[in-house]
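Since the structure comes first, as structure tokens, the remarks are kept for the end.
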Amino acid sequence: MKISSTPHRTQGFTLIELLVVIAIIAILAAMGFSAGGAVMNTAKKTVATNDCTNLVQAVQAFYDDYNYLPDAPEAGTAPGTPTTAPLMNQLVGFDSENNPKEVRYFQGKDAKGKTQTGAYGGLFYAEGARSVELFDAWKKSGNAASNRHYFLVMDIDLDEELVDPFDAAKPLFGRRAIAWSSGRDGQYTTGQARATKNRDNVYSWRGKN
Numbered sequence: 012m013k014i015s016s017t018p019h020r021t022q023g024f025t026l027i028e029l030l031v032v033i034a035i036i037a038i039l040a041a042m043g044f045s046a047g048g049a050v051m052n053t054a055k056k057t058v059a060t061n062d063c064t065n066l067v068q069a070v071q072a073f074y075d076d077y078n079y080l081p082d083a084p085e086a087g088t089a090p091g092t093p094t095t096a097p098l099m100n101q102l103v104g105f106d107s108e109n110n111p112k113e114v115r116y117f118q119g120k121d122a123k124g125k126t127q128t129g130a131y132g133g134l135f136y137a138e139g140a141r142s143v144e145l146f147d148a149w150k151k152s153g154n155a156a157s158n159r160h161y162f163l164v165m166d167i168d169l170d171e172e173l174v175d176p177f178d179a180a181k182p183l184f185g186r187r188a189i190a191w192s193s194g195r196d197g198q199y200t201t202g203q204a205r206a207t208k209n210r211d212n213v214y215s216w217r218g219k220n
């Protein structure tokens, strides 16, 4: 007697099942990316906070040595003076006119990026010149790229009173300088501490937003 057997058919995924699996993978990947992005942003905020603190300390040390502040007229009003070459050259000792001892008051790591337009996260030295800028921690593009530097507000009239650029009703006493960053979005609104654009800002004189 001949016994015939029915071949076993391996059943694969249906199209619907495949789509469900793909959707689940995409959701999990998005969740992982979001969590990773949040961790990275927190790390960059820590870097920015340290840079702001170091800027304030550099200005104080500069003042202690010379009994005058770095030459930066914009630093007397909001939003402050950006950490471009005219300011940073004084704080790192490149500007011998305003820093005749050529003392390096600000120490920091080199920026990432090979060009000035793409630099971020540190000090960018101009090629072939004694000139340097300090960029904040985020790699910014588009409109945000216009605010890649930190901002420094200084006690220009030396009365040990500063106006908070985001809350003029709360003067800051006993400070020579404050520093801040516009954060990841590169946006800010002066005079409005709780404005949406200021939510991710980093400040040397206040806690987390």
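Counting from 12, one number per residue, gives the positions in the sequence shown under this note's numbering. By construction, the Cβ of each residue, glycine as well, lies at the ideal position given by its N, Cα and C atoms.
CA-to-CA, the gap between L102 and A34 works out to about 53 Å. The shortest CA-to-CA distance from Q71 to any of Y116, A54, T88, A89 is the one to Y116. Straight-line measurement puts the Cα of A49 at about 32 Å from the Cα of M165. Closest option to V174, judged by alpha-carbon separation, among H160, D121, Y161, A190: A190.
The alpha carbon of A83 has as its nearest neighbour, out of Q203, A180, D168, the alpha carbon of D168. Less than 8 Å divides the Cβ of F105 from the Cβ of V143. L66 is not bridged by DSSP to any residue.
Taking a C-beta distance under 8 Å as the contact criterion, S215 and D147 do not qualify as a contact pair. When the five nearest sequence neighbours on each side are left out, the beta carbons in the same chain lying within less than 7 Å of the beta carbon of P81 are those of V70, F73, L98, Q101, L102, N109, in order along the chain.
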